[in-house]
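Chemist:
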Amino acid sequence: MAADLWVVAAAVVAGVFLLDVVVRRVHEWARMVPLGAVRRARLPPGDMGWPVVGGMWAFLRAFKSGKPDAFIASFVRRFGRTGLYRTLMFSSPTILAVTPEACKQVLMDDEGFVTGWPKATVTLIGPKSFVSMPYDDHRRLRKLTAAPINGFDALTTYLGFIDHTVVASLRRWSEPGAGEVEFLTELRRMTFKIIVQIFMSGADDRTMEALERSYTDLNYGMRAMAINLPGFAYHRALRARRRLVSVLQGVLDSRRAATTKGFTRSSAMDMMDRLIEAEDDRGRRLADDEIIDVLIMYLNAGHESSGHITMWATVFLQENPDIFARAKAEQEEIMRSIPPTQKGLNLRDFKKMQFLSQVIDETLRCVNISFVSFRRATRDVYVNGYLIPKGWKVQLWYRSVHMDDQVYPDPKVFNPSRWEGPPPRAGTFLPFGLGARLCPGNDLAKLEISVFLHHFLLGYKLTRTNPKCRVRYLPHPRPVDNCLARITRVSDEY
Ligand code: HEM
């Protein structure tokens, strides 16, 4: 009897194995045949997996089990260090680019590649945002929106507000009786306040809260499977998008109504005003849905990553007393160097913070908040001698570049000193991407993080409630308790 059971079990296992092999082979064949023999032979190695699912299952398993690097490592193990691999992701045939050279070539080729975000992301962020708008519109709107957030003059304008917001936040969290706070949640609120001020100055607290709550749901849905059924993250994210559209439409309506009635705003022109007034070469203004999609994208991109990186940089500093001491000494030195007549730090002082900048770069490298980026080939392109066929998607794995031990020895070790010496080789450091889609908020983000760390290093201490808390990697790396901690003020001088 027992022997019979074993035979049945063995037959079932063999059957499943055979089925797996057959389904994979047929799927591979169906995807490869349309390319023709010559092009097929030039594809990078890889595995198309099962229809629809492809590499998604392995990707989600790696990230959800806390081993995000296991996904790409499995391709390297099976096919060698070829730098490019083929698979199926988000139901599209996709090339994974995982080395600096491959990423750089794709990112710098604007004719061969356009953005290729999964349909679900485009639906959530908005079809009229940068994630899917045509090339010329992107160039025009990028020019219009990037200059007012980056660059010396813009950052000088924002520094005062950022500083005030940071100081007030730290004081509030460390007040006697404040108890434990979800440090990450609070930082996200803080960075959100800053970006809302830049884009929609004067937004009231109710608008701010409504927007902020919706963004949390939107983000969770962004890297989830696109299953639009109650209970699934994507379904909640779609609802969050509808709420965001409705809140932003309300703000836009009241701005337009105020302009019609001839009211002038007390505060300076913000990004919403700029978008309302922008005209293309033919004098066409942006429609409401275009303005709303651009705002949804900017408000999201402008607070999530900065909030997370600020949290991780603080945690890394607190966990590494030697690095903390060196970073603090630099801040004290800068404080001593400012003339007594100068009130607070200016942008030039922040530019002098060499070691703090290394701490932030190392945090960006280790954390990989934007671990992957998406493109689509507009024609056949050869990269590293391999073909990326026209119409195929490309995933740029920034995370693999930053975690490659041939580029960064001991990649898992947090070591800001590795940034001493000449700047990194092109394509080896991509936290903000590269080329025409380079993050337009990179300098603003670094300034926000620096202002926070400046005050933190000089006057505060973080004590985590669960220092060994598990890290969740999707949609962004974060401790599952959102970094529950006590913030203590340790110096009265600051
Ligand atoms: C630590 C903070 C940040 C990180 C790590 C980060 C990372 C990135 C990356 C990697 C990209 C390129 C995506 C691609 O290659 O397709 C990007 C694009 C973008 N980022 Fe950031 N970002 C940060 C902060 C910000 C801030 C503060 C803003 C807004 C003020 C912002 C706005 C944007 C926008 C609008 C894009 C799309 C650019 C385009 O398609 O032309 N980001 N970001």
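Position one of the sequence shown corresponds to residue 1 (the numbering used here), numbered consecutively onward. Even glycine gets a Cβ: it sits at the ideal position worked out from N, Cα and C.
1. From P44 to F232, what does the alpha carbon distance come to, in whole angstroms?
2. So N150 and P440 are in contact, right, with Cβ under 8 Å, and what is the actual spacing, rounded?
3. L159: beta carbon under 8 Å from a heavy atom of ligand 1?
4. For A226, which of helix, strand or coil comes out of DSSP?
5. Please go through the same chain and pick out, in chain order, the residues whose beta-carbon is closer than 8 Å to the beta-carbon of Y135, but skip the five residues on each side of it.
6. In its own chain, which residues sit with a C-beta less than 7 Å from the C-beta of D270, not counting the 5 before and 5 after it?
7. With 16 as the cutoff for other CB atoms within 10 Å, does D153 come out buried or exposed?
8. Spell out a yes or no on whether the region 441-452 and the region 160-174 are touching, meaning 3 or more CB-CB pairs, one atom from each, closer than 8 Å.
9. Counting only the same chain and skipping the five closest in sequence on each side, list residues whose C-beta sits under 7 Å from that of T207.
10. Can you give me the C-alpha to C-alpha distance between E330 and L299, rounded to a whole angstrom?
11. Taking the straight line between their C-alpha atoms, what separation do you get for F79 and D47?
12. If you compare alpha carbons, which of M311, C483, K446 and R239 is closest to R213?
13. With DSSP as the reference, label R285 as helix, strand or coil.
14. What beta strand (DSSP E) runs, 3 residues minimum, are completely inside the region 382-439?
15. Go to A257, then tell me how far its alpha helix (DSSP H) extends in each direction, as first and last residue.
16. Who are the near neighbours of T463 in its chain, counting only those whose CB is closer than 7 Å to its CB and skipping five residues on each side?
17. Is the region 394-411 in contact with the region 339-351, if contact means three or more CB pairs nearer than 8 Å?
18. Let me confirm a value: W173 is counted as buried when at least 16 other C-beta atoms fall within 10 Å, else exposed. Which label applies?
19. DSSP puts E279 in a beta bridge; with which residues?
20. Identify the residues that DSSP records as bridge partners of W50: which are they?
21. Give a single yes or no on whether A302 has its beta carbon closer than 8 Å to a heavy atom of ligand 1.
22. Can you round the beta-carbon distance between N384 and L88 to whole angstroms, since I take them to be within the 8 Å contact cut?
23. With 16 as the cutoff for other CB atoms within 10 Å, does D205 come out buried or exposed?
24. Taking Y398 as the reference, which of L244, G433 and D253 has the closest Cα?
25. Grab the span of the alpha helix (DSSP H) containing F75 for me, first residue to last.
26. Within the continuous beta strand (DSSP E) that includes V490, where are the two ends?
27. Between I499 and ligand 1, is the CB less than 8 Å from at least one heavy atom?
28. Specify the secondary structure class of T121 as computed by DSSP and reduced to three states.
29. Report buried or exposed for D69, applying the criterion of at least 16 other Cβ atoms within 10 angstroms of its Cβ.
30. Run the proximity test for P522: is its beta-carbon closer than 8 Å to any non-hydrogen atom belonging to ligand 1?
Modeler: Reading off the structure:
1. Along the sequence shown, read from residue 1 onward, the residue named residue 44 stands at position 44. Along the sequence shown, read from residue 1 onward, the residue named residue 232 stands at position 232. Straight-line Cα distance between these residues: approximately 34 Å.
2. Here residue 150 corresponds to residue number 150 of the sequence shown, with the count starting at 1. Here residue 440 corresponds to residue number 440 of the sequence shown, with the count starting at 1. Sure, about 6 Å apart at Cβ, within 8 Å.
3. Residue 159 sits at position 159 when you count from the first residue of the sequence shown. No, Cβ of L159 sits at least 8 Å from all heavy atoms of ligand 1.
4. For this step, residue 226 is matched to residue 226 along the sequence shown. Coil at A226, not helix or strand.
5. Indexing the sequence shown from 1 puts residue 135 at position 135. Contacts found: D110 and V114.
6. Here the question's residue 270 lines up with position 270 in the sequence shown. Within the same chain, D270 has close Cβ partners I198, F199, M200 and S201.
7. To locate residue 153, count along the sequence shown from 1; it is residue 153. So D153 ends up on the exposed side.
8. yes
9. The residue given as residue 207 occupies position 207 in the sequence shown. Excluding positions up to five away in sequence, the list reads V247 and V251.
10. For the purposes of this step, residue 330 is identified with residue 330 of the sequence shown, where counting begins at 1. For the purposes of this step, residue 299 is identified with residue 299 of the sequence shown, where counting begins at 1. When rounded, the distance between both Cα atoms is 32 Å.
11. Walking along the sequence shown from the start, residue 79 turns up at place 79. Walking along the sequence shown from the start, residue 47 turns up at place 47. Spanning the two alpha carbons is a distance of roughly 10 Å.
12. For the purposes of this step, residue 213 is taken as residue 213 along the sequence shown, with counting starting at 1. The candidate whose alpha carbon is nearest that of R213 is R239.
13. Here the question's residue 285 lines up with position 285 in the sequence shown. DSSP places R285 in strand when its eight states are reduced to three.
14. 386-388 and 393-396
15. Residue mapping note: residue 257 aligns to position 257 of the sequence shown, counting from 1. It spans A233 to T260 - the alpha helix (DSSP H) in which A257 sits, taken as one unbroken run.
16. Along the sequence shown, read from residue 1 onward, the residue named residue 463 stands at position 463. Sequence-distant partners of T463 (beyond 5 residues in either direction) whose C-beta falls short of 7 Å from its own C-beta, in its chain, are A485, R486 and T488.
17. Because the criterion of three Cβ pairs below 8 Å is not met, the region 394-411 and the region 339-351 do not touch.
18. Walking along the sequence shown from the start, residue 173 turns up at place 173. Answer is buried; the Cβ neighbour count reaches 16.
19. Position 279 of the sequence shown holds residue 279. DSSP, once it has assigned bridges, lists R285 as partnering E279.
20. Here residue 50 refers to the residue found at position 50 when the sequence shown is read from its first residue. Under the DSSP definition of a beta bridge, W50 partners with G54.
21. The residue given as residue 302 occupies position 302 in the sequence shown. Reading off the sequence, residue 302 comes out as Gly, not Ala. G302 Cβ: within cutoff of ligand 1.
22. Against the sequence shown, residue 384 aligns to sequence position 384. Against the sequence shown, residue 88 aligns to sequence position 88. That pair is no contact at about 21 Å.
23. On the sequence shown, residue 205 is found 205 positions in, with the first residue counted as 1. D205 is exposed by the Cβ-count criterion.
24. As a position in the sequence shown, residue 398 is number 398, starting the count at 1. With distances taken between Cα atoms, Y398 lies closest to G433.
25. On the sequence shown, position 75 is the one that residue 75 refers to. For F75, the enclosing alpha helix (DSSP H) has its first and last residue at A70 to F79.
26. Taking the sequence shown and counting its residues from 1, one reaches residue 490 at position 490. Neither: V490 is in no beta strand (DSSP E) and is coded neither H nor E.
27. The requested residue 499 is not part of the displayed model; the chain covers only 1 to 494.
28. Taking the sequence shown and counting its residues from 1, one reaches residue 121 at position 121. Reduced to three states, the DSSP call for T121 is helix.
29. Translated into the one-based positions of the sequence shown, residue 69 becomes position 69. D69 comes out buried.
30. As displayed, the chain neither begins before 1 nor continues past 494, which places residue 522 out of reach and without an answer.
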